[in-house]
Every structure is written in C-alpha cells, then in structure tokens.
Amino acid sequence: MAQFKQISTFVEVVARGSLSAAARAEGIAPAVIGRRLDALEQRLGVKLLQRTTRKLALTDEGAAFLEDCQRILADLESAEAAAAERSARATGHLLISAPAGFGRHHVAPLIPSFVAEHRDVTVTLNLADRVVDLIGEGVDVAIRIATLEDSNLVSLKLADNRRVVVGAPSYLQRHGVPKTLDDLTRHNCMAISSAGSQRGWTFRDGSKNVTLRTAGNMSCNDGAVLHDWVLAGKGLGWRSMWEVGADIQAGRLVTVLDEYAAPGNDNIYAVFAQRRHLPLRIRAFVDFLRRTYAQPGYWAKG
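Under the UniProt record's numbering, the first residue of the sequence shown carries the number 1, and numbering increases by one thereafter.
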C-alpha cells in the first residue's frame, strides 16, 4: 500500500506542478508529500525529480518512470470501473445484426428470454445476409458464421459450426447410402451457388482436409431453399447442424459419411467494435448466447 501511495503521489505532483498543490488536493501537509517522494526515490535508487523552491523538473529516469506509472494507474482505474459495471444492471438499447437464416432460428427466439432477464435493455434485431459495417451502421454486436480475418474488430467464438451431409430417408431408399467420398459422384448433390460458381464440400480424408466440387441438377444461393429440397427428397445437402439438427433428431433427415466429417473453420462468432470495456448490455447478451448454445442437445432442438 505504501508503494502504491508513493507512485500515485509522484504522478499527482507532476500533474499539479508542485508539492504544495498536490498536498492541497489531498488535504495533507506538503512535508508528507515530500517524504513520500524521498522514500520512492530511495527505494528505486534513482532521482526522479529535480526540486527547487520554485519549480519541479523531471529527470530522464523520472520521465520514463512517469509514463509507466500513468499506464499502471489508468489500468487500475479501468479495472475498477469494469468491476463496478459488472455488479450493475445492464441498461440501454442493443442493436444486433445476424445472418437471416441463423438469426431467425437461433437469435430471434432467444431475445424474449434475454430481455426478460435484463428488463432495462431494449433490442433491435436486423437480419441481413451481408457483412454489416458495425461502426458505420452503429451495430453493437454482429453474429457471423465465417472464417474471420484479422481486423480492427473483436470477435468471440460462440459455438462450432459443424457441417454434415444429409439426405431424406426417401432419397436414400431410392438411391442408396454413400459409403465413400467417391460415391458422391453417383448422387444428386445440391450445393450453394454464388455468382455462377458452387461452393465445395469439405471433408477429412485421412490426415488432410479435401474440398470436393459436387454435381447435381439443382443449386441455389439461398440455404433455406436447399434445406427444403433436401427435406423433399430431391438429393443430398451439406448443411450446418444449426439448420438440420432438429430434422436429424426427428428422423426427417439422415446423416451420411460421418466418418469423413471435417472440423469447420467457419464457426459462429459474436463480433463487435474494438473497445477497452464493452458496455454491460453487450457482454450480457454475448454471455447469454454462449450459455444457451452450450446447453446439451441445443442444436437438435431446431
């Protein structure tokens, strides 16, 4: 405690320009301030201030030490503010962005429970299948399913985005169950298409990941449409568990080629503008999503 008091006194003296001004601010005698500075310099073994009756001047060592002390005190102040904020109630308005399909199934249904838990928070949810400009559009937190590149944004992983190959029982009865990756060439594989090209399906083959360009008689740039086609028994799809988990649980879809499933790198993230301390309402919402998604069997609920 004595060491911290010496450091804070040193910073205060430099900021106010004199021992007497620092003493008045603290309501003590200037001699007490002087003794603290003497003790600090003696403990460090360096001269920090050149003191005369008229002015103070930092030594080179004092200037370097001052910068470190200011950073330490600022960090302490921020830590105290953050701790105090955690004990407070979340308040204010929260603007959330999420992909349309994922947001309809796994963000929108959770918001009523969140606002019931945090009654002083109001929420606006925007669903859009585009990368929003968080700062430009004033978005507090965006949910993204992607491989995130380095940027000036902060991301927090909410959950894995596991992908599986699925087909309706009716389709598999008619065309058989693929046992190897080569078998996919004999199946109608319906893929996401964008700008005239199809997204490949990624698998784990031995010790490496492989991406296959599948072929089928239908493709679409909307995942919900592909989902409907697969449910209707028109072919196989490579879909995320967040989309088909409930269908698998209910028996409407069946997974195939599970032994080739590759760990995904386009996982589910919360992304927000980089700030030293996030408002409590953002932290509370992100924590709420993480807890919910981590519940056993959550993705099978649909």
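For each residue, glycine too, the CB sits at the ideal point set by N, CA and C.
Would DSSP call residue 231 helix, strand or coil?
The residue labelled residue 231 in the question sits at position 231 within the sequence shown. Of the three classes helix, strand and coil, the one that applies to residue 231 here is helix, per DSSP.
Helix or strand or just coil, what does DSSP make of residue 177?
Taking the sequence shown and counting its residues from 1, the one referred to as residue 177 is at position 177. DSSP places residue 177 in coil when its eight states are reduced to three.
Could you give the C-beta distance for residue 58 and residue 44, rounded to a whole number, given that I count them as a contact under 8 Å?
For this step, residue 58 is matched to residue 58 along the sequence shown. For this step, residue 44 is matched to residue 44 along the sequence shown. That belief does not hold up - the Cβ atoms of residue 58 and residue 44 are roughly 14 Å apart, past 8 Å.
To which residues does DSSP link residue 298 through a beta bridge?
Against the sequence shown, residue 298 aligns to sequence position 298. According to DSSP, residue 298 bridges with nothing at all.
Starting from residue 269 and walking both ways along the beta strand (DSSP E), at which residues does that stretch end?
Position 269 of the sequence shown, counted from the first residue, corresponds to residue 269. It spans 267-273 - the beta strand (DSSP E) in which residue 269 sits, taken as one unbroken run.
Within this structure, are the beta carbons of residue 319 and residue 239 separated by less than 8 Å?
Because the chain here runs from 1 to 302, residue 319 falls outside it and cannot be looked at.
What is the rounded straight-line gap between the Cα of residue 138 and the Cα of residue 282?
What you label residue 138 is simply residue 138 of the sequence shown in a count that begins at 1. What you label residue 282 is simply residue 282 of the sequence shown in a count that begins at 1. Roughly 13 Å between the two C-alpha positions.
Short check: CB of residue 292 to CB of residue 127, under 8 Å?
Here residue 292 is taken as the residue at index 292 of the sequence shown, counted from 1. Here residue 127 is taken as the residue at index 127 of the sequence shown, counted from 1. Result no, Cβ atoms of residue 292 and residue 127 do not sit closer than 8 Å.
Are the beta-carbon atoms of residue 96 and residue 123 separated by less than 8 Å?
By one-based count along the sequence shown, residue 96 stands at place 96. By one-based count along the sequence shown, residue 123 stands at place 123. Contact: yes.
Are the CB atoms of residue 19 and residue 34 nearer to each other than 8 Å?
In the sequence shown, residue 19 corresponds to position 19, counting from 1. In the sequence shown, residue 34 corresponds to position 34, counting from 1. Against a cut-off of 8 Å, the Cβ pair of residue 34 and residue 19 comes out as a contact.
Quick check on the DSSP output: what are the complete beta strand (DSSP E) runs of length 3 or more inside the UniProt domain "HTH lysR-type" (1-59), in order along the chain?
For the UniProt domain "HTH lysR-type" (1-59), whole beta strand (DSSP E) runs of length 3 or above, ordered along the chain, are 49-51 and 56-58.
Per the DSSP calculation, residue 92 is bridged to which residue(s)?
Walking along the sequence shown from the start, residue 92 turns up at place 92. 121, per the DSSP bridge assignment.
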